[in-house]
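Reading through the structure tokens given below for one structure.
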Amino acid sequence: MRDRREKLERLRAAGIDPYSRGFRPTQTSQAAKALLGESERTEPVALAGRLMVKRLQGGVVFADLQDGGGRIQLMASRDKLGEEEFDRFADLDPGDIIGVTGPIFKTRRGEITLEVQSFQLLTKSLRPLPEKWHGLKDVEIRYRQRYVDLIANPAVREVFRARTKIITAMRGLLDERNFLDVDTPVLQEVPGGGHARPFVTHHNSLDRDLFLRIALELHLKRLLVGGFERVYEIGRVFRNEGLSPRHNPEFTLLECYQAYADYDDVMRLVEDLMVVSAMAAGRPLETSYQGEAVNLTPPFRRERMADLVLEHTGRHAVGQELNDLFEEHVEPRLRQPTFVIDYPVEISPLARPREDDPRFVERFELIILGREYANAFTELTDPIDQRARFEAQAARRAAGDVEAHPMDEDFLRAVEYGLPPCGGLGVGIDRLVMLLTDQPSVRDVILFPVMKAES
RNA sequence: GCCGGCGUAGCUCAGCUUGGCAGAGCAACGGUCUUUUAAACCGAUGGUCCAGGGUUCAAAUCCCUGCGCCGGCACCA
661 MRDRREKLER LRAAGIDPYS RGFRPTQTSQ AAKALLGESE RTEPVALAGR
711 LMVKRLQGGV VFADLQDGGG RIQLMASRDK LGEEEFDRFA DLDPGDIIGV
761 TGPIFKTRRG EITLEVQSFQ LLTKSLRPLP EKWHGLKDVE IRYRQRYVDL
811 IANPAVREVF RARTKIITAM RGLLDERNFL DVDTPVLQEV PGGGHARPFV
861 THHNSLDRDL FLRIALELHL KRLLVGGFER VYEIGRVFRN EGLSPRHNPE
911 FTLLECYQAY ADYDDVMRLV EDLMVVSAMA AGRPLETSYQ GEAVNLTPPF
961 RRERMADLVL EHTGRHAVGQ ELNDLFEEHV EPRLRQPTFV IDYPVEISPL
1011 ARPREDDPRF VERFELIILG REYANAFTEL TDPIDQRARF EAQAARRAAG
1061 DVEAHPMDED FLRAVEYGLP PCGGLGVGID RLVMLLTDQP SVRDVILFPV
1111 MKAES
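This note's numbering numbers the first residue of the first sequence as 661 and each following residue consecutively.
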């Protein structure tokens, strides 16, 4: 660093602006490489990017330029550039951002290369890059200083490109089916729609505590009351819980609600979403995650929770006990995509009861490799029942369950105006991206994961 | 929150078992080399061994405490 600071001052003294501007690349490195085709040499092109490695060979310097799309080799020779410019090029450091102009050709070894006719230092880098051969492995630096990770490990960029493609594909499918993409409040008076502890914050001029949302559900359903028949939101939610390879306190949730649909319709929607997501990520449906084979080809298996628990434990159970048995004995063993249907009403305060057996609700979760990827139900539309459910939750809260669903009078008022029959869905985007990009930790699919204060 | 592992140069890592001058490769620095590309050659550099305390003639190494990272448990998606 000290060396580079001195170099910076030398450059300034020589009249060179180490943070210059005005250079316009004419294309990306990828496009420039494609330009060559079968010809020997192209017209000069202008490229800009970060200098990665430098190989000096006497009167010739080879270097790799990395831009948003990839890398291309540069070659600068003393003969072509002249003594002064050549020395100045050779003096560049890995990490510097430069603009270069020159024709594309192929070296003796067959590497497509830009022959530097002129170049401009755009941004001087003061910090050394991680080593070129071993790269950057220290996960603490990779997560805390993602910018370095993205420079040093181009494969990481592909994970995040895939993430965006997956989200774009999901939006595309929902848009195509006339779902309206909406924004609902992040700061809420009543953090409902899920089973989790919220973050608390404070509004100064209102002098009132507010909560960061833990789910999107209650506001989206209010919009169905308002007459939007299909809505969705892909947004950040916040849950005040521990960290793990599968948990980040803020994560991205897709929720969508469709009037006049039920959970069978939603299962088909989930299958379609999985297919377009896998395609967007460039994964075949018969794929694998961390070495374990997974077949994402619909239709997915559908099983009642009570049947699965009976099959795996030999026990007939209902209510909380059924769910506990399911989570302990069944869920880890469900490896291929499975819709687990018909959850106990006690743990589903927002879902519609089955008409043939009101101890259960029309709810499903999609389980793959023992993990939950989607949670959905036919929504409860009866305001009297909804109030009773909230009151049951309030009783649990009074008994010490801090995650029990809070009473939400405004939501009840909305449902009293009339919520159309509907199906709703929630999908944890981060975990889906983990699956489809084969990443082991949620931190590998969140650009800036939550970390403790740097020591 | 609990349990376990880890923390050494800018990066990747040895050294710790069994205490005895702080090590290697790459990067950076000086020089050589005009088509190289898994790291050319020669030379000289480079350290709060995570932090603090303790044991000892002597601590990167042994002990204690704290911080951070990773994994597991708990909580949850």
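Ideal Cβ positions, reconstructed from N, Cα and C, are used throughout, including at glycine.
Three-state secondary structure (DSSP) of residue i
i: Thr1038; result: strand
i: Phe1071; result: helix
i: Asn983; result: helix
i: Met1013; result: Sequence inspection shows Pro at residue 1013; the Met mentioned does not correspond to that position. DSSP places Pro1013 in strand when its eight states are reduced to three.
i: Gly886; result: helix
i: Val1110; result: coil
i: Pro763; result: coil
i: Leu671; result: helix
i: Leu741; result: helix
i: His907; result: strand
i: Glu1051; result: helix
i: Arg992; result: The sequence given here places Pro at residue 992; Arg does not occur at that position. Here Pro992 sits in helix by DSSP.
i: Thr783; result: strand
i: Pro1043; result: helix
i: Leu695; result: helix
i: Asp843; result: coil
i: Gln805; result: coil
i: Val1102; result: helix
i: Lys881; result: helix
i: Glu666; result: helix
i: Arg701; result: strand
Residue i and residue j closer than 8 Å at C-beta
i: Leu707; j: Leu725; result: yes
i: Ala1036; j: Leu1095; result: no
i: Leu741; j: Val760; result: no
i: Phe911; j: Asp1090; result: yes
i: Leu782; j: Ser680; result: yes
i: Glu877; j: Glu836; result: no
i: Phe999; j: Arg961; result: yes
i: Val1075; j: Val885; result: yes
i: Val721; j: Ala750; result: yes
i: Lys881; j: Glu1025; result: no
i: Glu952; j: Arg995; result: yes
i: Asn900; j: Pro858; result: yes
i: Ser689; j: Arg715; result: no
i: Asp1011; j: Val1087; result: First, the residue type needs correcting, since residue 1011 is Ala and not Asp in the sequence shown. Going by C-beta atoms, Ala1011 is not nearer than 8 Å to Val1087.
i: Leu872; j: Val846; result: yes
i: Asp869; j: Val860; result: yes
i: Ile1001; j: Gln980; result: no
i: Phe1071; j: Gly832; result: no
i: Val1110; j: Leu903; result: yes
i: Leu945; j: Leu956; result: yes
Among the options, nearest to residue i - alpha-carbon criterion
i: Gly762; options: Thr1097, Val776 and Arg1056; result: Val776
i: Ser737; options: Arg731, Gly728, Gly730 and Asp747; result: Asp747
i: Pro685; options: Arg672, Arg715, Leu711 and Ile758; result: Ile758
i: Ala938; options: Asp663, Gly852 and Thr824; result: Thr824
i: His1117; options: Tyr923, Asn813, Ala694 and Phe839; result: The shown model of the chain, from 661 to 1115, leaves out residue 1117, and the question about it has no answer.
i: Val713; options: Ile772, Pro790 and Thr947; result: Pro790
i: Pro1081; options: Phe1108, Arg1049 and Pro1013; result: Pro1013
i: Leu883; options: Arg943, Ala919 and Arg1057; result: Ala919
i: Gly1078; options: Asp1042, Phe839, Asp663 and Glu1069; result: Asp1042
i: His855; options: Asp1098, Lys1112 and Ala1064; result: Ala1064
i: Glu744; options: Gly719, Phe765 and Ala723; result: Gly719
i: Arg768; options: Ala1058, Arg1049, Glu700 and Arg975; result: Glu700
i: Gly770; options: Glu703, Asp1045 and Glu698; result: Glu698
i: Ile827; options: Val1093, Arg802, Arg672 and Gly729; result: Val1093
Cβ separation of residue i and residue j, assumed to be a contact under 8 Å, to the nearest whole Å
i: Asp727; j: Gly755; result: 14 Å between Cβ atoms; not a contact.
i: Glu889; j: Thr844; result: Going by Cβ atoms, the distance from Glu889 to Thr844 rounds to 17 Å, so no, they are not a contact pair.
i: Leu1029; j: Val1105; result: At roughly 15 Å, the Cβ-Cβ gap does not stay under 8 Å, so Leu1029 and Val1105 are not in contact.
i: Gly1083; j: Ala875; result: With 8 Å as the limit, Gly1083 and Ala875 do not qualify as a contact, their Cβ atoms being about 16 Å apart.
i: Asp753; j: Ser778; result: 19 Å between Cβ atoms; not a contact.
i: Val705; j: Gln687; result: 6 Å
i: Val891; j: Tyr917; result: 6 Å
i: Ala822; j: Thr1097; result: 5 Å
Residue interval of the alpha helix (DSSP H) (run including residue i)
i: Arg814; result: For clarity, residue 814 is Pro in the given sequence; the question names Arg instead. Per DSSP, Pro814 belongs to the alpha helix (DSSP H) from Pro814 to Glu836.
i: Tyr679; result: From DSSP, Tyr679 is part of no alpha helix (DSSP H); its letter is neither H nor E.
i: Lys797; result: Here Lys797 belongs to no alpha helix (DSSP H), and DSSP marks it neither H nor E.
i: Thr912; result: Where Thr912 is concerned, there is no enclosing alpha helix (DSSP H), although the beta strand (DSSP E) it sits in stretches over Glu910 to Ala919.
i: Thr773; result: It is not in any alpha helix (DSSP H) - Thr773 instead sits in the beta strand (DSSP E) that spans Ile772 to Glu775.
i: Ala940; result: Tyr923 to Ala940
i: Ile1089; result: Ile1089 to Thr1097
Residue i: first and last residue of the uninterrupted beta strand (DSSP E) it sits in
i: His862; result: Val860 to His863
i: Val969; result: Per DSSP, Val969 belongs to no beta strand (DSSP E); it is in the alpha helix (DSSP H), Met965 to Thr973.
i: Ala953; result: Glu952 to Asn955
i: Gln726; result: Val720 to Asp727
i: Phe960; result: Per DSSP, Phe960 belongs to no beta strand (DSSP E) and is neither H nor E.
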